[in-house]
Amino acid sequence: MKVTAPHMGKLDLIFKDIFARTGIDYVMPPRTSAKTMQLGLRYSPEFACLPLKVTIGNFIEAIEAGADTLLMAGGVGPCRFGYYAEIQKCVLQGAGYEFNMLVLEPPAAGWKLFIDTLRVLAPGKSIYQIWQIIKISFRKARVMDGLEKYALKYRAYEVHRGDTTKAHKKALEIMEPAITDREITAASEKAFAVMEAVEKDMDKSVVKVGIVGEFYILLEPFVNFDIEEYLGHMGVSLERSVYLTDWISPSPKNQIMGITDEEIAQAAKPYLNHFVGGEGLPSVGHAIIYAKEGFDGVIQLFPFTCMPDTIAKSILPQISRDFDIPVISFVIDEQTGKAGILTRLEAFIDLLASRKKHRELVGV
Amino acid sequence: MYFRGTWGCNLALSATIGIPQALLYYKYYPLWEGFLKGLGAEVVSSNVTTKRIVNAGTSVAENELCLPVKIFFGHLIELKDKVDALFVPRVISVEQGTYTCPKFLGLPDLARAVDAKLPKILDPTFNTRLGRRHFYEALFDFGKTFTNSKYKIWRAWMTGVAAQKAYQKKLLAGVSPLEALGGDAGAILSTGDLKIGIAGHPYNVHDPYINLNLIKKLKKWGAQVVTEEMILPRVLEHEANKLPKRLFWSYEREVVGAAFHWLQTRTVDGIIYILSFACGQDSLIQVLLETEAKKHEGIPFMSLVIDEHSGEAGLITRVEAFIDMLRWRSLS
Numbered sequence: 001m002k003v004t005a006p007h008m009g010k011l012d013l014i015f016k017d018i019f020a021r022t023g024i025d026y027v028m029p030p031r032t033s034a035k036t037m038q039l040g041l042r043y044s045p046e047f048a049c050l051p052l053k054v055t056i057g058n059f060i061e062a063i064e065a066g067a068d069t070l071l072m073a074g075g076v077g078p079c080r081f082g083y084y085a086e087i088q089k090c091v092l093q094g095a096g097y098e099f100n101m102l103v104l105e106p107p108a109a110g111w112k113l114f115i116d117t118l119r120v121l122a123p124g125k126s127i128y129q130i131w132q133i134i135k136i137s138f139r140k141a142r143v144m145d146g147l148e149k150y151a152l153k154y155r156a157y158e159v160h161r162g163d164t165t166k167a168h169k170k171a172l173e174i175m176e177p178a179i180t181d182r183e184i185t186a187a188s189e190k191a192f193a194v195m196e197a198v199e200k201d202m203d204k205s206v207v208k209v210g211i212v213g214e215f216y217i218l219l220e221p222f223v224n225f226d227i228e229e230y231l232g233h234m235g236v237s238l239e240r241s242v243y244l245t246d247w248i249s250p251s252p253k254n255q256i257m258g259i260t261d262e263e264i265a266q267a268a269k270p271y272l273n274h275f276v277g278g279e280g281l282p283s284v285g286h287a288i289i290y291a292k293e294g295f296d297g298v299i300q301l302f303p304f305t306c307m308p309d310t311i312a313k314s315i316l317p318q319i320s321r322d323f324d325i326p327v328i329s330f331v332i333d334e335q336t337g338k339a340g341i342l343t344r345l346e347a348f349i350d351l352l353a354s355r356k357k358h359r360e361l362v363g364v
Numbered sequence: 365m366y367f368r369g370t371w372g373c374n375l376a377l378s379a380t381i382g383i384p385q386a387l388l389y390y391k392y393y394p395l396w397e398g399f400l401k402g403l404g405a406e407v408v409s410s411n412v413t414t415k416r417i418v419n420a421g422t423s424v425a426e427n428e429l430c431l432p433v434k435i436f437f438g439h440l441i442e443l444k445d446k447v448d449a450l451f452v453p454r455v456i457s458v459e460q461g462t463y464t465c466p467k468f469l470g471l472p473d474l475a476r477a478v479d480a481k482l483p484k485i486l487d488p489t490f491n492t493r494l495g496r497r498h499f500y501e502a503l504f505d506f507g508k509t510f511t512n513s514k515y516k517i518w519r520a521w522m523t524g525v526a527a528q529k530a531y532q533k534k535l536l537a538g539v540s541p542l543e544a545l546g547g548d549a550g551a552i553l554s555t556g557d558l559k560i561g562i563a564g565h566p567y568n569v570h571d572p573y574i575n576l577n578l579i580k581k582l583k584k585w586g587a588q589v590v591t592e593e594m595i596l597p598r599v600l601e602h603e604a605n606k607l608p609k610r611l612f613w614s615y616e617r618e619v620v621g622a623a624f625h626w627l628q629t630r631t632v633d634g635i636i637y638i639l640s641f642a643c644g645q646d647s648l649i650q651v652l653l654e655t656e657a658k659k660h661e662g663i664p665f666m667s668l669v670i671d672e673h674s675g676e677a678g679l680i681t682r683v684e685a686f687i688d689m690l691r692w693r694s695l696s
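Going line by line, the protein sequences match chains A and B. Following this note's numbering, the numbering of the first sequence begins with 1 at its first residue and continues without gaps. Following this note's numbering, the numbering of the second sequence begins with 365 at its first residue and continues without gaps.
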């Protein structure tokens, strides 16, 4: 058995860590590229959302690299992500590929199913051992998410362009070999020290922007044209509504963000009064939270035809009006051009900067 | 500014409530009408979709929304000056363990976000996921807007349920929803040499504007038309359960169940699947249906993707070719 999983930002680091601990053979597909997209598009249903198309591409590349077992997450709705694994199976079998599909259904779909899948992924380990592995791997992943959050926030303040990105890369390299609890603690301190050592000019006037939207588009730099780094270099300090560990973990606490699901749902009232699957409710809730916290603007990113975030997009103009905060939505699919997105982003950031300057002048 | 499920004030007993003739109208109108009338309200529904309604809807809706939701907005705008309140329930789940479309989960909020000075929006929650008690509590909560008598609310609901049962019986017998709701039942059952199954969401299949009058055209060309409403729910359920993973959307389970049933029993000569562009569920179900149809040789399957730009000529050409092909097959 040679396991593989699709890419989604730094998800591969978590998988590599877990697979190394459980001792199973794995192969990761090459990083998502234009070729991945092309392969995925060839077989995917026309108006499924971009994440499905790209992950199908990932799987094809992984199979070509020798993988025979595809690991995919499941779900219980109402977002169609929960049914992706079945569709991927249908599509890839139809295209003539041979493989096993291993679907990690959330415990909500039945504990037995969940545990059985874990047992396949960790042969010969007891439930307790598996739990320990997940716990420690998650601890490491949370540190990495913390590093990312730090980079998003402070990239705008760096004195030498590109320092933060370099430091972030180095910090992740420091984290990678950490295995035991103690090693993770030591590596974490060292990694954060590297990030903090980056020379910053904290008096710089920066624009604060919150990013909301669908998790895959937010987390995978290939599909969002790495706009986080781009914005950081433009002098925009960012906060994001989705982090990998918050998203994977079933707990409603959202440790990295520090806001519970309940608080997000409360914030979204009365604009959106019920969850609508995916990131629909969080997108609305976070936009309001950002507005209340005095952010200068909100950027929403989501794939074309994404149902939950289309709902959020319909509601965001109201929030923009009522809270007096500029909001821009980007709908991304395989036709989206980088230049188009970046031009609009630049104009948006210019608007935010001049608004901010104006407000400082008139003293609002 | 916003009106939540329960308000301090009671609606006047003679309030006029509008139900848009779109989306779940085709499924639950008799239930909702009976319930609201039982509570003492006047009920008005909008008329069949027209070009004006579509234009009104598409001009206020987000681009990325599907055509049926855009049309729903158009109907809300059509009704806004005629009624005191609009009835836009939040239908979360209609059977254990499933959801409806995410857009239905957020429909009242979407309606409130429409920039068109709409009247009050009544948004009772229908959610069977949390059990019977929860469902009825939400119902009584909503009913309190009209009356304090729990008995009256209960009676109103039962009136609606009875009307709904009668309606579904008619549909099962082959009456189309619009005909059943319009009153002149039994006039349609066409006799043609071909039998075509129309799969798809009822709001696509039964709205003549959305599907460019497809059903009428098929009948004119001498084809008999069957839809999912003409199959027993038990059968739909059984067929939908054949999927390797349980589908978690109720209405899509019915679409899949109907198509699988026709393929399995070979009771139709061909299947036309109507789907709206940008519909999340349809995009995935299309894969499931096409995969299954390939396994059943001899029953041609065609998908028709529809949006606000669909042209009648393009549709006619394709459907005519499909029908010709079916006839040609039965000859050879």
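C-beta: ideal position from N, C-alpha, C; glycine also.
- Taking all protein chains shown into account, B:Y463 has 16 or more neighbouring C-beta atoms within 10 Å of its C-beta and is therefore buried.
- The beta carbon of B:V651 sits closer than 8 Å to some beta carbon of chain A.
- Straight-line measurement puts the Cα of A:R142 at about 57 Å from the Cα of B:V589.
- Check the Cα spacing between B:W585 and each of B:Q650, B:A537, B:K559 and B:L429: the tightest is with B:K559.
- Of the residues assessed, B:L639 falls on the buried side of the cut-off, its CB having 16 or more other CB atoms within 10 angstroms.
- Looking at B:G662, B:G564 and B:G678, the one whose alpha-carbon comes closest to that of B:R693 is B:G662.
- The three-state secondary structure of A:T32, taken from DSSP, is coil.
- Below the 9 Å Cβ cutoff, chain A contributes no neighbours of B:K484, its closest Cβ being approximately 14 Å away.
- Nearest to A:H358 by C-alpha distance, out of A:V207, A:I130 and A:K269, is A:V207.
- At a cut-off of 8 Å between beta carbons, A:M72 makes no contact with chain B.
- Think of a sphere of 7 Å around the beta carbon of A:H286: no beta carbon from chain B falls inside it, the nearest being about 16 Å out.
- For A:Y271, the C-beta contacts it makes with chain B under 9 Å involve Y366, D473, R476 and A477, in order along the chain.
- Residue pairing of B:N491 in beta bridges, as defined by DSSP: B:S457.
- When secondary structure is reduced to three states using DSSP, A:L70 falls in the strand class.
- One finds nothing in chain A with a Cβ atom closer than 8 Å to the Cβ of B:S409; even the nearest lies about 24 Å away.
- Inter-residue distance for B:L387 and B:D646 is about 15 Å (C-alpha atoms, whole angstroms).
- For B:T591, the enclosing beta strand (DSSP E) begins and ends at A587 to T591.
- Its Cα nearest to that of B:K659, the residue B:R630 stands out among B:P394, B:L668, B:G678 and B:R630.
- Contacts with chain A at 8 Å (Cβ-Cβ) do not include B:S423.
- The stretch 570-583 of chain B makes contact with the stretch 410-418 of chain B: 3 or more CB pairs, one atom from each, lie closer than 8 Å.
- Minimum Cα-Cα distance from B:S457 among the listed residues A:V331, A:M37, A:E228 and A:H274 corresponds to A:H274.
- Between A:I24 and A:M1, the beta carbon gap of about 7 Å places them in contact (Cβ cut-off 8 Å).
- Those residues of the stretch 596-615 of chain B placed with their C-beta closer than 8 Å to a C-beta in chain A are L607, P608, K609, L611, F612 and W613, ordered along the chain.
- Secondary structure of A:S329 (DSSP, three-state): strand.
- Shown here, B:R630 sits in coil according to DSSP, grouped into three states, outside any helix or strand.
- At a cut-off of 3 residues, the continuous stretches assigned as beta strand (DSSP E) that sit fully inside the stretch 54-127 of chain A are 69-73 and 100-104.
- For the options A:R139, A:F323, A:P221 and A:D145, the alpha carbon positioned closest to that of A:D181 is the one of A:R139.
- Counting only runs of 3+ residues, the beta strand (DSSP E) found wholly inside the stretch 409-475 of chain B occupies 449-451 and 454-457, in chain order.
- Nearest neighbour of B:E397 by Cα position, chosen from B:S513, B:V525 and B:K434, turns out to be B:V525.
- According to DSSP, B:A563 shares a beta bridge with B:Y637.
- Sequence-distant Cβ neighbours of A:F15 in its own chain, meaning closer than 6 Å and more than five residues away, are A5.
- The three-state secondary structure of A:R161, taken from DSSP, is coil.
- Linking A:C49 to A:Y83 through their CA atoms gives a straight-line distance of about 12 Å.
- Among the CB atoms of chain A, none fall inside 8 Å of the CB of B:Y531.
- For B:G398, the enclosing alpha helix (DSSP H) stretches over residues Y389 to G402.
- A:E214 and A:F302 do touch by the CB rule: their CB atoms are close to 4 Å apart, below 8 Å.
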